[in-house]
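Heads up: the sequence shown begins at 1 in the UniProt record's numbering, then just goes up one per residue. For each residue, glycine too, the CB sits at the ideal point set by N, CA and C. As structure tokens, the structure follows; a few thoughts come after it.
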Amino acid sequence: AIADFCFTSTLPFFIASKAMGGQWPFGWFMCKFIFTIVDINLFGSVFLIALIALDRCICVLHPVWAQNHRTVSLAKKVIIGPWICAFLLTLPVIIRLTTIPNKLGPGKTVCTFDFSPWTEDPVEKKKVAITMLTIRGIIRFIIGFSTPMSIVAICYGLIATKIHRQGLIKSSRPLRVLSFVVAAFFLCWCPFQVVALISTIKVRELLSGMIPGIATAVNVTSSLAFFNSCLNPILYVFMGQDFRERLIHSLPASLERALSEDS
Numbered sequence: 001a002i003a004d005f006c007f008t009s010t011l012p013f014f015i016a017s018k019a020m021g022g023q024w025p026f027g028w029f030m031c032k033f034i035f036t037i038v039d040i041n042l043f044g045s046v047f048l049i050a051l052i053a054l055d056r057c058i059c060v061l062h063p064v065w066a067q068n069h070r071t072v073s074l075a076k077k078v079i080i081g082p083w084i085c086a087f088l089l090t091l092p093v094i095i096r097l098t099t100i101p102n103k104l105g106p107g108k109t110v111c112t113f114d115f116s117p118w119t120e121d122p123v124e125k126k127k128v129a130i131t132m133l134t135i136r137g138i139i140r141f142i143i144g145f146s147t148p149m150s151i152v153a154i155c156y157g158l159i160a161t162k163i164h165r166q167g168l169i170k171s172s173r174p175l176r177v178l179s180f181v182v183a184a185f186f187l188c189w190c191p192f193q194v195v196a197l198i199s200t201i202k203v204r205e206l207l208s209g210m211i212p213g214i215a216t217a218v219n220v221t222s223s224l225a226f227f228n229s230c231l232n233p234i235l236y237v238f239m240g241q242d243f244r245e246r247l248i249h250s251l252p253a254s255l256e257r258a259l260s261e262d263s
């Protein structure tokens, strides 16, 4: 919830920048700060969703272990991991993103990546930019979307199988809510990630201005992705009130079944 709130607080800056034709009037510090928040949220949110999926999967598949080992202390330690990974993956933004004056014309400053410290030759600078942006795009798609989503899909698939086979939760309502959470995240983020991947593949043409329609696609799909942060708190509250209560009520039966199997 805190991550989603921080992320949505950056939206006024993007709206103002878009209204000014892509200019960035907020200075060097805010350029780095705003985009750092965005990238940390991008990675951190999807990592947390995958972590939540793993947690719920463990609760359903191994209730005895979960009852004995899922402590607040362990949760505090585990929850730090996704944010450390998100911060490390955001380092390119922190290091290389900056303001460049007169990029769009006299007196018009933009917030973008700058690789000029590595080379002053325009041709070499473009090659470096293409290489770095391609690497960043591939990492963002594989680590920041496809891998976590695969984990989520596998975990919720295992949960669904367990629920239907052993009746851990009598009502199908929690399963529908879980499916809705996964579907909402996928539908919000998949279009943006696909467009971002296309931008990565076509980065050379994009830097040359040969794909004008890609900017419109980025604006539309990023708006849909941003909407997920507004939707997340509602989904988690809805899911938490129903799923946890029913899961807790089902644990005694699961424990009794597990103990009887051991004996």
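- With a threshold of 16 other beta carbon atoms within 10 Å, Ser-229 meets it and is buried.
- Pairing Ala-184 with Pro-12, the inter-Cα distance amounts to about 24 Å.
- For the pair Ser-45 and Ala-3, the CB atoms are nearer than the 8 Å cut-off.
- The DSSP-derived three-state label of Thr-112 is strand.
- The segment 31-50 and the segment 78-91 touch, with three or more beta-carbon pairs separated by less than 8 Å.
- Within the DSSP secondary-structure output, Thr-99 pairs in a beta bridge with Cys-111.
- When C-beta atoms of the segment 58-71 are compared with those of the segment 126-146, fewer than three pairs fall below 8 Å, so the two segments do not count as touching.
- DSSP places Asp-55 in the helix class (H, G or I) of the three-state scheme.
- In the three-state DSSP reduction, Leu-48 falls in the helix class (H, G or I).
- In this structure, the beta-carbon distance from Val-123 to Gly-22 does not fall below 8 Å.
- Residues of the same chain with a CB within less than 8 Å of the CB of Val-78, apart from the 5 flanking positions on each side, are Leu-51 in chain order.
- Assignment of Gln-166 by DSSP, reduced to helix, strand and coil, places it in the helix class.
- Comparing alpha carbon positions, the residue from Ile-163, Val-152, Val-194 closest to Val-181 is Val-152.
- Here Thr-216 is exposed. Its C-beta has fewer than 16 other C-beta atoms within 10 Å.
- Per DSSP, Phe-26 is not a residue of any alpha helix (DSSP H), being assigned neither H nor E.
- Counted as a single uninterrupted DSSP element, the alpha helix (DSSP H) harbouring Thr-134 occupies residues 122-141.
- Here DSSP, grouped into helix, strand and coil, assigns Lys-202 to coil.
- Between Thr-36 and Val-128, the CB-CB gap reaches or exceeds 8 Å.
- With a beta-carbon spacing of about 6 Å, Cys-155 and Leu-54 fall inside the 8 Å limit used to define contacts.
- Around the beta carbon of Asn-102, a 10 Å sphere encloses fewer than 16 other beta carbons of the protein chains shown; the residue is thus reported as exposed.
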